[in-house]
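Numbering (full-length UniProt numbering), first residue to last: 1 to 120.
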């Protein structure tokens, strides 16, 4: 599949796909004319990259993960460790966000009480 169709399927722009290719994150095949030829496995991998980016994994870490992935099954433990470190950071961030949300809700409740007082 060509880059535009792949971009539409993955939700990534053609520019981003070319950038990821330059970084070594995506390595599409090439057809006889030399055009990029993306496969289903590329769609799955791009979705995983998007998930990592959505959880704020730095591109450098994604590159490290991709490099390990390209080395094969012998790097499974290292890849798992990299994901575990990222998951721990994400869990800490989520816990912080929950606290922030609770403080916002407390402030909103305070405003609700103040507004009710002013109406009375």
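Beta carbons: idealized from backbone N, C-alpha and C, even for Gly.
Scanning its chain for C-beta atoms nearer than 8 Å, with the 5 sequence neighbours on each side dropped, one finds around residue 10 the residues 17, 43, 46, 47 and 50, in chain order.
A residue is called buried once 16 or more other Cβ atoms fall within 10 Å of its Cβ, and residue 12 is buried on that count. Look at residue 36 here: in three-state DSSP terms it is strand. With three or more CB-CB distances shorter than 8 Å, the segment 86-99 counts as touching the segment 53-63. Here the alpha carbons of residue 118 and residue 79 stand approximately 58 Å from one another.
Between residue 71 and residue 23, the C-beta gap is not smaller than 8 Å, which leaves the two residues out of contact. Beta-bridge partners assigned by DSSP to residue 72: none are found.
The three-state secondary structure of residue 92, taken from DSSP, is helix. Around the beta carbon of residue 66, 16 or more other beta carbons lie within 10 angstroms, which makes this residue buried.
Taking residue 61 as the centre and dropping the five residues before and after it, the same chain places no C-beta closer than 6 Å to its C-beta. The C-beta distance from residue 14 to residue 7 rounds to 5 Å, short enough to meet the 8 Å contact threshold.
Taking C-beta separations shorter than 8 Å and ignoring five residues to either side along the sequence, the partners of residue 2 in its chain run 35, 36, 37 and 38, following chain order.
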